[in-house]
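Peer 1: Each residue of the sequence shown is one higher than the one before, counting from 1 in the UniProt record's numbering. The following block contains the structure, expressed as C-alpha cells.
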Amino acid sequence: MEKQAQKKEWFDEWFDTIYYHILYKNRDYTEAGRFLDNLITYFDLSANAKILDLACGKGRHSIYLNEKGFDVTGVDLSEQNITFAKTKENNTLHFDIHDMRDIYRPEAFDYVFNLFTSFGYFDSIDENLDVIRATVASLKPGGKLLIDFLNPYVVVNHLVEAEDKTIDNIHFKISREYTDDQYIVKNISVDDHGQHFDYMEKVKAIRRTDFLNYFDANGLKVLDLFGDYSLAPYEKEKSDRLIFVIQKPA
C-alpha cells in the first residue's frame with residue numbers, strides 16, 4: 001500500500017529527531033545482547049541464514065547479529081537512522097529506508113525479527129494486517145517471524161504517569177496515559193536551552209488474542225509464545241513481554 005503523504009505521522013517526526021536518540025542513549029544494550037544470543041540458540045541459526053531486522057533503528061541489533069556471523073539486512077522508516085546505519089555496512093550487512101507496511105523483498109529471508117516493540121504504531125487494524133502480510137511476503141516458504149512486543153496488561157497496570165529527565169543539559173518532561181481503551185501514549189516535552197518542542201509516542205495496546213487473529217488471517221502457525229528475553233513462558237499478568245514465534249507455511 002502507498003503511505004498517505006498529507007501529514008507526517010508521529011513516528012516520521014519523532015524518530016528522525018536528535019532528541020529521540022538523546023532521550024534513549026543510555027539504554028541497557030546488555031539485555032538486548034543476551035536476548036539476541038538466546039534467539040540464536042533457540043532458532044539454531046545456520047551460518048547461511050538470511051535475517052531481516054524489521055524497524056531496525058540505527059542498526060545496533062543488526063550489527064550485533066552480523067558480528068555473530070549472520071547475513072543481515074536492517075530496514076527502517078527513519079532516513080537519519082539509516083544514514084547512520086549505512087556507515088556500518090559490509091558484504092553481509094546492509095540497510096535500507098523502508099516502510100514496514102510494504103513488501104521489501106519477496107521470499108528473500110529465512111527469518112524476520114521485529115524487536116523491542118517496533119509494532120503497533122498504526123491506528124487501523126488494516127495497517128497492522130498490512131505489516132503482517134508484507135513481512136510474511138518477505139519470508140521464504142517455511143521461514144520464521146519473531147515479533148517482540150510489550151505486554152499491554154502489565155504496561156497499562158503499572159503505567160508511570162509522569163517523569164522528568166535532564167540529559168546533556170536538555171530537559172525532558174514525559175507524561176504517559178492509556179487512552180480510548182486501546183493506546184499507550186507517551187507525550188514528550190523538550191526544553192533545549194529555551195527552545196521548546198513537543199513530540200509523542202503512540203503504541204496500540206495489541207492483546208495476545210488480537211495478534212492471534214492477525215496470524216490466523218494470514219494462515220500463519222504460532223510455534224511459541226514467550227514472556228521475557230530469557231524465553232520464559234508467557235504469563236498474562238506477570239510477563240514483561242509478548243514474544244511470538246510464527247512460521248510461514250512451506
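Ideal Cβ positions, reconstructed from N, Cα and C, are used throughout, including at glycine. The structure displayed is predicted, hence computed values, not measured ones.
Can you tell me whether Pro152 is buried or exposed? The criterion is at least 16 other CB atoms within 10 Å of its CB, across all chains shown.
Peer 2: buried
Peer 1: Count Cβ pairs between the stretch 231-244 and the stretch 197-204 that sit closer than 8 Å; are there 3 or more?
Peer 2: Proximity of the stretch 231-244 to the stretch 197-204 falls short of the contact definition, fewer than three beta-carbon pairs being nearer than 8 Å.
Peer 1: My understanding is that Thr92 touches Asn66, with C-beta atoms under 8 Å, so please give their C-beta distance in whole angstroms.
Peer 2: Confirmed, Cβ separation roughly 6 Å.
Peer 1: Tell me which residue opens and which closes the alpha helix (DSSP H) that Val112 is part of.
Peer 2: No alpha helix (DSSP H) holds Val112; the beta strand (DSSP E) holding it covers 109-114.
Peer 1: Reducing DSSP to helix, strand and coil, say where Val203 ends up.
Peer 2: strand
Peer 1: Identify, in the order they occur along the chain, each residue of the same chain with its Cβ nearer than 7 Å to the Cβ of Arg133, setting aside the five sequence neighbours on each side.
Peer 2: Asn218
Peer 1: For the alpha helix (DSSP H) that Phe215 lies in, which residues bound it at each end?
Peer 2: 208-217
Peer 1: Just confirm the distance between the C-beta atoms of Gly143 and Asp110, as a whole number of angstroms; I'd bet it's less than 8 Å.
Peer 2: 5 Å
Peer 1: Buried or exposed for Thr166, please, with buried defined as at least 16 other CB atoms from any protein chain shown within 10 angstroms of its CB.
Peer 2: exposed
Peer 1: Apply the 10 Å Cβ neighbour rule to Ile18 and answer buried if 16 or more other Cβ atoms are within range, or exposed otherwise.
Peer 2: exposed
Peer 1: What span of residues does the beta strand (DSSP E) with Gly142 cover, start to end?
Peer 2: 139-150
Peer 1: Expressed to the nearest angstrom, what Euclidean distance is found between the alpha-carbon atoms of Gly57 and Ala250?
Peer 2: Whole-angstrom Cα-Cα distance: 30 Å.
Peer 1: Could you pull out every residue in the same chain whose Cβ sits closer than 7 Å to the Cβ of Gly59, ignoring the five residues on either side in sequence?
Peer 2: Gly74, Ala85, Lys88, Phe95
Peer 1: Determine the direct distance from the alpha carbon of Ile63 to that of Ser189, and round the result to whole angstroms.
Peer 2: Taken atom to atom, the span from the alpha-carbon of Ser189 to that of Ile63 is near 31 Å.
Peer 1: On the criterion of 16 or more Cβ atoms from any shown chain inside 10 Å, does residue 256 qualify as buried, or is it exposed?
Peer 2: The question about residue 256 has no answer here: the residues shown for the chain are numbered 1 through 250.
Peer 1: In three-state DSSP terms, what is Ser189?
Peer 2: Of the three classes helix, strand and coil, the one that applies to Ser189 here is strand, per DSSP.
Peer 1: Comparing alpha-carbon positions, which option in Glu107, Asp71, Asp16 lies nearest Gln80?
Peer 2: Asp16
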